[in-house]
Every structure is written in C-alpha cells, then in structure tokens.
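K.L.:
Here the sequence shown stands for residues 1 to 378, where the numbers follow the UniProt record's numbering.
Just so you know, even glycine gets a beta-carbon here, dropped at the ideal spot from N, CA and C.
As the structure is a computational prediction, the values presented were derived from the model and not from experiment.
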Amino acid sequence: MLFELPEPYLTLRAEARALADSVRDHAAEADERDDIDPRMRAALAGSGLAALTVPGRFGGRDERVDSLAITVVREQLAATSAHLDSLFVMQGIGSHAIGVGGTAAVRQRWLGPIGRVEAIAALALTEPDVGSDLRAITTTLTRDGDELVIDGRKSFITNAGDADVYTVLVRDGDGYSLVLVPATTPGLAVEKPYQIIAPHVLGDVVLDRVRVPADHLVGAAGEGFRPVLDTLATFRVSVAGAAVGLAEAALREAVRHTTSREQFGTPLARLGPVPAMLATCWTEIEMARALTYRAAAAAAHDPREGLHLASLAKVGATEAAGRVVDRCVQVMGRFGLVRGSVIERLYREARPMRVYEGSTEVLLDSLAKQLVRRFTEV
Ligand SMILES: Cc1cc2nc3c(=O)[nH]c(=O)nc-3n(C[C@H](O)[C@H](O)[C@H](O)COP(=O)(O)OP(=O)(O)OC[C@H]3O[C@@H](n4cnc5c(N)ncnc54)[C@H](O)[C@@H]3O)c2cc1C
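#1: Please state if the CB of residue 122 and the CB of residue 166 are separated by a distance shorter than 8 Å.
#2: Expressed to the nearest angstrom, what Euclidean distance is found between the alpha-carbon atoms of residue 366 and residue 260?
#3: Please state the DSSP three-state secondary structure of residue 195.
#4: If you drop the 5 nearest sequence neighbours on each side, which residues of the same chain put their C-beta closer than 8 Å to that of residue 287?
#5: Please state whether DSSP places residue 375 in a helix, a strand or coil.
#6: Kindly examine ligand 1 and report whether one of its heavy atoms sits closer than 7 Å to the Cβ of residue 200.
#7: Measure the alpha-carbon distance for residue 52 versus residue 16 and round it to whole angstroms.
#8: When you compare the CB positions of residue 240 and residue 318, do they come within less than 8 Å of one another, or not?
#9: Among 168, 188, 172, 187, which one has its Cα closest to the Cα of residue 179?
#10: Quick test of your reading: residue 106 and residue 147, contact by CB under 8 Å. State the CB separation rounded to the nearest angstrom.
#11: Once DSSP output is grouped into helix, strand and coil, what is the label at residue 278?
#12: Roughly how far, in whole angstroms, is the beta-carbon of residue 210 from the beta-carbon of residue 188, given that I think they are within contact range, below 8 Å?
#13: Which class does residue 206 belong to by DSSP, given the choice of helix, strand or coil?
#14: Is it the case that the Cβ atoms of residue 23 and residue 80 are separated by a distance below 8 Å?
#15: Quick check on residue 156: buried or exposed, where buried means 16 or more other Cβ atoms within 10 Å of its Cβ?
#16: Please determine, among 283, 70, 220, the residue with the shortest C-alpha to C-alpha distance to residue 48.
#17: Look up residue 225 in the DSSP assignment and say whether it is helix, strand or coil.
#18: Output the residue ranges of the alpha helix (DSSP H) runs that lie fully inside the region 98–124 and measure 4 residues or longer, sorted by chain position.
#19: In three-state DSSP terms, what is residue 266?
#20: For residue 176, does the count of other Cβ atoms within 10 angstroms reach 16, so buried, or fall short, so exposed?
#21: So, with DSSP's three-state summary, where would you put residue 155?
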C-alpha cells in the first residue's frame, strides 16, 4: 500500500499548482505590496479554488470546509507566492465563524461572495497590548436597543484595508462575543503604522462607537471563543502545509545553485558538509509533510478531535521550514543574501509562520499539558 493522497486531492494539487504557475512571474512584485494585488485576486477568483473555503450550501466545493483540501492547496501556493497563499486562506479564516455561527441572513449575504472572491474576509482578534493571551482583550461590546456598539482597536489584522467584512472578538460583560462588522460601517477606520519583514497585507482596525444590527452577533452571546476555536481547528494545520511547500521551494533553489556552481573544482553540492545539509533538509521536509497530511486528514474528519495533531504539525513543519530555509541560504553563500532573490524572499516568509496562529511556544505549552494527561491515563 502506498501512503499517497487519495485521488480527489491529487487533482486538487494539480489545480493549485496550475494557479501558482500562472502567477509565478508576478509573485515578487505582489509580495512587496501592502494591499491586495488585483492580478492575484483575479487569478484566485478565476481558479474557483476559493470555493474550498466556504461550506457547500453557500457555493463551496465540499459540504463542509475540508482541512486536507485547504492544506494541499496551500502547499502549492506558498511555494510560489506568500501573497496568494494568504489571500486564499484568509477567505476561510475570516469567514469560517460566519458559517458556523452566523444568522441565516448574514451567511446568505457574505459566504457566497467570499467563496467567489467578490468580498474579502478578515478575522480580528489581536490588539496592541494583547497577542497570545486573548482573554485580556479590551475591545468592548455594549447594547443600545437593537444595536451592538463596539469600541476598541484591533492590531496586526491580515487584509485590513482590503477586507469587506471583519469578524471581531470583543469583551461582552463577563464573557466574549464575536461580531461581524462590514468595512463600510461608520466609525471603522484602518491604519497601517508598520511593515513587517515578510510580505503581508496587514493593518490596525480602529472601532470608534461602531454600530451594527443585533443579528451581526456570530454564535451565542458570551461564547465568542467557540467559533474562533472552530476556525483554528479547521485552518491551523494548513499553516503546516504552507511551511512544507515553502521549505521545498527553498530546497529546490539550493539544489539548483549548488549543482551549477563549482568551488575548488567541485560542484558545491558535493563539497564538505553541503550534501549532508541538503539531504537533512529533504529528510525534514518529508517528515513534516507526513505529519501534516496525517493531521490534515484528522482535521478533515473531525477538526476539534484532531486539534492536537494540527498543533504538532504546525509546530513541527514551521520550525522545520525555518531550519531548512536557513541551511539553504547558507549553502548558497552570498547569493542567498541578495534582496529580491527567491531564496531571500522565502527566508523572510518562513519567519512569521512560527509566530501567528498559535506561536511555537504557546502551542508547545498546551501540547505538553495534553501529553502529561494522555500518558498518565490508566
Ligand atoms: C503575519 C501576521 C499576520 C497576522 N494576522 C492576524 C490576523 O489576521 N488577525 C489577528 O487577530 N491577529 C493576527 N496576527 C497576530 C498574531 O495572531 C499574534 O502575533 C500572535 O497571536 C502572537 O501574539 P504576539 O505577537 O502579541 O506575541 P506575544 O503574545 O506577546 O508573545 C511574545 C512571545 O512570548 C511567547 N509567549 C507568549 N505567551 C506564552 C506562554 N503562555 N508560554 C510560553 N511562551 C509564551 C510567544 O511564543 C512569543 O514568542 C498576525 C501576526 C502576523 C505576524
């Protein structure tokens, strides 16, 4: 028996590779923008692949969002363009809670357009003073008649400025709620006070007495973490897929360079520790891919049940990608350091993956607690 992806996913992989190939020449330029690149957006819309990010009832490809499908697509897209990869997955991360807990009217209004890339989605959890410890958020929700009133500031929000709709985590009395806020709502403003080392469309979302109708609550009042957890359980493993794709792209570059360049009369790929460094990269990539597919298949079956595997895969694959891309830069010598080169871009793109959607340390801390419980059960 071969441990290979089953057929529908092989076809999907080919579709995603075709999309990535179609934007390859434009990837470097798009990755440097701080807003969504229209050509990337058109290519994603034209591919139909964004339909994977919403449920079947609202124009999605599958009855419910399939973590393995998302993972397989991200592996291909991240190898070519971080911009396109982020654009694809954020349609799901930004809208999943709506599918899980949105009212019928809100689902009907947003999910179809998001799956067709006619609307752009965002998820706003982080605040200037709050990252990993989301229970410390200070953005508030109050009620005024039939309206919900939101006050606060969300920070480092992907797609800020381009999003048509934000799903915002707020403090709601003693609990936490999730509220959908259309970008055109009066009182919502976007600021872009920073740029990070990796290409990413990011910004802060300022919410100044923003008012939305009561049916914009996503999920039950006071239980906003439930749809957030559903979102993470479905999409976290796909970061591992993106990391595997990125690492393999880096290794390809390193092999190309070290087989074509000679020093001391020998190709670099056969010199000193270089061959072992390349083979170590390959080993780490294959190990990461095996765990990633296993975790993605588990998440596709039952996202909550598979969450520990998704966390293991996210930590394992993003940390491996960091090591791989660093070695690849090293074996390419000064050519690995040239700004704008493929390898330099991959080096920068790999770094944030270990921070967002659960940093390595936060996930390891949670995994360690689960490990002790599991291994001490009788
Ligand atoms: C490219 C990018 C895109 C992003 N997009 C979004 C988005 O769309 N929406 C959104 O809401 N947020 C987004 N974020 C924010 C992201 O979710 C946070 O960066 C992340 O939650 C970590 O929070 P922090 O950066 O404030 O780090 P902190 O929480 O301040 O942590 C700093 C360091 O301390 C460690 N640490 C923290 N707590 C613990 C602990 N309990 N145990 C051990 N170590 C700990 C962390 O691992 C980290 O190394 C994005 C971030 C990046 C980089």
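P.N.:
The relevant details are as follows:
#1: Along the sequence shown, one-based indexing puts residue 166 at 166. Along the sequence shown, one-based indexing puts residue 122 at 122. In this structure, residue 122 lies closer than 8 Å to residue 166 by Cβ.
#2: Position 366 of the sequence shown, counting from 1, holds the residue named residue 366. Position 260 of the sequence shown, counting from 1, holds the residue named residue 260. Between the alpha carbons of residue 366 and residue 260 lies a distance of about 45 Å.
#3: Counting from 1 along the sequence shown, the entry for residue 195 is found at position 195. If DSSP states are grouped into helix, strand and coil, residue 195 belongs with coil.
#4: Along the sequence shown, read from residue 1 onward, the residue named residue 287 stands at position 287. Contacts found: 316, 320.
#5: Looking up residue 375 in the sequence shown gives position 375. Assignment of residue 375 by DSSP, reduced to helix, strand and coil, places it in the helix class.
#6: Taking the sequence shown and counting its residues from 1, the one referred to as residue 200 is at position 200. Taking non-hydrogen atoms of ligand 1 into account, the C-beta of residue 200 is found less than 7 Å away from one of them.
#7: Counting from one through the sequence shown, the residue named residue 52 turns up at place 52. Counting from one through the sequence shown, the residue named residue 16 turns up at place 16. Rounded to whole angstroms, residue 52 to residue 16 spans 12 Å at the Cα level.
#8: Counting from one through the sequence shown, the residue named residue 240 turns up at place 240. Counting from one through the sequence shown, the residue named residue 318 turns up at place 318. At the C-beta level, residue 240 and residue 318 come within 8 Å of one another.
#9: Here the question's residue 179 lines up with position 179 in the sequence shown. The candidate whose alpha carbon is nearest that of residue 179 is 168.
#10: Numbered from 1 along the sequence shown, position 106 holds the residue referred to as residue 106. Numbered from 1 along the sequence shown, position 147 holds the residue referred to as residue 147. Taking the Cβ atoms as the reference, residue 106 lies roughly 15 Å from residue 147, outside the contact range of under 8 Å.
#11: Translated into the one-based positions of the sequence shown, residue 278 becomes position 278. Here residue 278 sits in helix by DSSP.
#12: Reading the sequence shown from its first residue, position 210 is the one you call residue 210. Reading the sequence shown from its first residue, position 188 is the one you call residue 188. Residue 210 to residue 188, Cβ: 5 Å. Contact.
#13: The residue labelled residue 206 in the question sits at position 206 within the sequence shown. Here DSSP, grouped into helix, strand and coil, assigns residue 206 to strand.
#14: Looking up residue 23 in the sequence shown gives position 23. Looking up residue 80 in the sequence shown gives position 80. The Cβ-Cβ distance between residue 23 and residue 80 falls below 8 Å.
#15: By one-based count along the sequence shown, residue 156 stands at place 156. Its Cβ being crowded by 16 or more others within 10 Å, residue 156 is buried.
#16: Residue mapping note: residue 48 aligns to position 48 of the sequence shown, counting from 1. 70 is the residue among 283, 70, 220 whose C-alpha sits nearest the C-alpha of residue 48.
#17: For this step, residue 225 is matched to residue 225 along the sequence shown. Residue state for residue 225 is assigned as helix, using DSSP reduced to three classes.
#18: Listed in chain order, the complete alpha helix (DSSP H) runs (minimum 4 residues) inside the region 98–124 are 104–115.
#19: Locating residue 266 in the sequence shown gives position 266, counting from the first residue. Look at residue 266 here: in three-state DSSP terms it is strand.
#20: As a first step, residue 176 must be located in the sequence shown, where it is residue number 176. Classification for residue 176: buried.
#21: As a working note, residue 155 is residue 155 in the sequence shown. Three-state result, residue 155: strand.
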